[in-house]
Amino acid sequence: MEILIGIFVFFVFIVAAINIGVVLLKVIFTIIGAVIGLFVIILLIPLGIGFLLIPAIIIGIIIAIVKLIQFIF
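In the numbering used here, the protein residues as written are 2 to 74.
If you want it as structure tokens, here you go:
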């Protein structure tokens, strides 16, 4: 009986760890994407294209923050 309880607890912790890992990966990739996007904007500003993209990027950052909050909660 104790072995069955131990196996059940083991699988519960494995599932919890996988879910936490997925959320952590989503957060990390969102942050990496934001950094790369900011770097691309900085590179495009001398061409004049960056100024056109800034409003779109601001909206994208707001959406990314909202999605992160939804993933965490």
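Here a beta-carbon is modelled for each residue, glycine too, at the ideal position from N, C-alpha and C.
Identify, in the order they occur along the chain, each residue of the same chain with its Cβ nearer than 6 angstroms to the Cβ of A57, setting aside the five sequence neighbours on each side. If we look at A57 and ignore the five residues flanking it on each side, it has no Cβ neighbours.
Tell me whether G38 sits in a helix, a strand or coil according to DSSP, three-state version. G38 falls in the helix class under three-state DSSP.
Can the beta-carbon of L45 be found less than 8 angstroms from the beta-carbon of L54? Their beta carbons are under 8 angstroms apart, which means L45 touches L54 by this criterion.
Does DSSP put G49 in a helix, in a strand, or in coil? DSSP, read as helix, strand or coil, puts G49 in coil.
Tell me, please, whether the segment 33-44 touches the segment 3-12 by the rule of three or more beta-carbon pairs shorter than 8 angstroms. No: fewer than three Cβ pairs fall under 8 angstroms.
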